[in-house]
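Chemist: Have a look at this one before I ask anything.
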Amino acid sequence: MRHGTLETIDGRPALRFERTLAYPIERVWRAVSVPAELGAWFPAAAEWTPATGETFEAGGATGEVIEADPPHRLAWTFAGQTYSFDLAAEGDGCRLVFIHVIDDLGLSAQTATGWDAYLSRLEPHLAGQALSEEEAHASWEEIHEGYAERFGVDPAPGRRFAAVLRGETGDA
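Residue numbers (the working numbering): 65 to 236.
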């Protein structure tokens with residue numbers, strides 16, 4: 065299983081995920097930049113071109129594309145956090161690096177687990193198949209516990225989050 069890592073960028077915690085995909089860089093670029101494609105596997109589709117300086121709305125918040133260099137780099141800010149996709153040709157395929165600079169180290173395991181689940185949907189999407197959110201999140205709790213241990217953070221916030229998703233009340 066491919067897991068994300070916790071790094072520091074500009075003094076802030078950052079989650080980094082790397083995937084090697086058996087698809088050309090141009091195909092992966094479409095999957096990360098075209099709204100209809102992005103919406104098929106990512107948590108939300110931004111209605112963007114995308115172009116450097118462009119602003120967009122998603123989920124009641126505003127974001128801004130801070131760098132668009134097709135088909136190699138797409139970076140944006142959203143709700144005060146920075147996200148990026150970096151793509152590089154690798155043989156007949158593509159290496160994708162996704163980075164999310166986060167605000168709260170205490171939520172790093174929970175956030176990493178969510179990204180792990182969503183990124184697990186990318187390769188099936190590229191293959192013309194669909195992996196539902198439910199299927200992608202099936203191992204959420206186990207993956208979360210592993211991230212909490214690796215990152216050295218308290219797993220309780222993520223456990224509470226999982227309990228709320230399951231419809232449970234009280235502390236997890």
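The beta-carbon is built from N, C-alpha and C at its ideal position, and this holds for glycine as well.
Quick caveat, the model's predicted, so the values are computed rather than measured.
Indicate whether at least one CB of chain D lies closer than 7 Å to the CB of W179.
Modeler: Given the protein chain composition of this structure (a single chain), no chain D is represented.
Chemist: Which runs of the beta strand (DSSP E) spanning at least 3 residues fall entirely within the region 77-147, listed in chain order?
Modeler: The region 77-147 contains these whole beta strand (DSSP E) runs: 119-122, 125-133, 137-142.
Chemist: What would DSSP say about A236, mapped onto helix, strand or coil?
Modeler: Indexing the sequence shown from 1 puts residue 236 at position 172. Confidence is the limiting factor: at A236 the pLDDT is only 41, short of 50, which leaves the residue's position unreliable, though a coordinate-based value still follows. Here DSSP, grouped into helix, strand and coil, assigns A236 to coil.
Chemist: Between the alpha carbons of A108 and T69, how many angstroms are there, rounded?
Modeler: Here residue 108 corresponds to residue number 44 of the sequence shown, with the count starting at 1. Here residue 69 corresponds to residue number 5 of the sequence shown, with the count starting at 1. So the two alpha carbons sit approximately 23 Å from each other.
Chemist: Among residues of its own chain, excluding the 5 on either side of S184, which ones have a beta-carbon nearer than 7 Å to its beta-carbon?
Modeler: As a working mapping, residue 184 is identified with position 120 in the sequence shown. Excluding residues within five positions, the ones whose Cβ falls inside 7 Å are L195, A200.
Chemist: Look up A194 in the DSSP assignment and say whether it is helix, strand or coil.
Modeler: Taking the sequence shown and counting its residues from 1, one reaches residue 194 at position 130. If DSSP states are grouped into helix, strand and coil, A194 belongs with coil.
Chemist: Which same chain residues, not among the five before or five after V161, have their C-beta less than 6 Å away from its C-beta?
Modeler: For the purposes of this step, residue 161 is taken as the residue at position 97 of the sequence shown. E82, D150.
Chemist: Could you check where the beta strand (DSSP E) with I207 kicks off and where it finishes?
Modeler: As a working note, residue 207 is residue 143 in the sequence shown. Run containing I207: none in the beta strand (DSSP E); it sits in the alpha helix (DSSP H), 204-215.
Chemist: Got a sec? Which residues, its chain only, sit under 7 Å from L171 by beta carbon, not counting five neighbours each side?
Modeler: Here residue 171 corresponds to residue number 107 of the sequence shown, with the count starting at 1. Cβ neighbours of L171 beyond the five flanking positions: P221.
Chemist: Check whether the region 81-100 and the region 118-138 are in contact - that is, three or more C-beta pairs closer than 8 Å.
Modeler: yes
Chemist: Spatial neighbours of A176 within its chain, please: CB distance less than 6 Å, with the 5 preceding and 5 following residues excluded, ordered by chain position.
Modeler: To locate residue 176, count along the sequence shown from 1; it is residue 112. So the list reads G68, L79, Y211, once near-sequence residues are dropped.
Chemist: Starting from I183, trace the alpha helix (DSSP H) in both directions and tell me its first and last residue.
Modeler: For this step, residue 183 is matched to residue 119 along the sequence shown. Checking the displayed sequence, the identity of residue 183 turns out to be Leu instead of Ile. Boundaries of the alpha helix (DSSP H) around L183: 172-183.
Chemist: Could you give the DSSP three-state label for M65: helix, strand or coil?
Modeler: By 1-based counting over the sequence shown, the position of residue 65 is 1. Because the pLDDT at M65 is just 49, under 50, the model does not fix this residue reliably, and the value given afterwards should be weighed accordingly. Reduced to three states, the DSSP call for M65 is coil.
Chemist: If you draw a straight line from the C-alpha of R75 to the C-alpha of I166, how long is it?
Modeler: Numbered from 1 along the sequence shown, position 11 holds the residue referred to as residue 75. Numbered from 1 along the sequence shown, position 102 holds the residue referred to as residue 166. Just to set this straight, residue 75 is Gly in the shown sequence, not Arg. Distance between the alpha carbons of G75 and I166 is about 11 Å.
Chemist: Can you name the start and end residues of the beta strand (DSSP E) that G222 belongs to?
Modeler: Position 158 of the sequence shown, counting from 1, holds the residue named residue 222. Not the beta strand (DSSP E): G222 falls in the alpha helix (DSSP H), residues 220-229.
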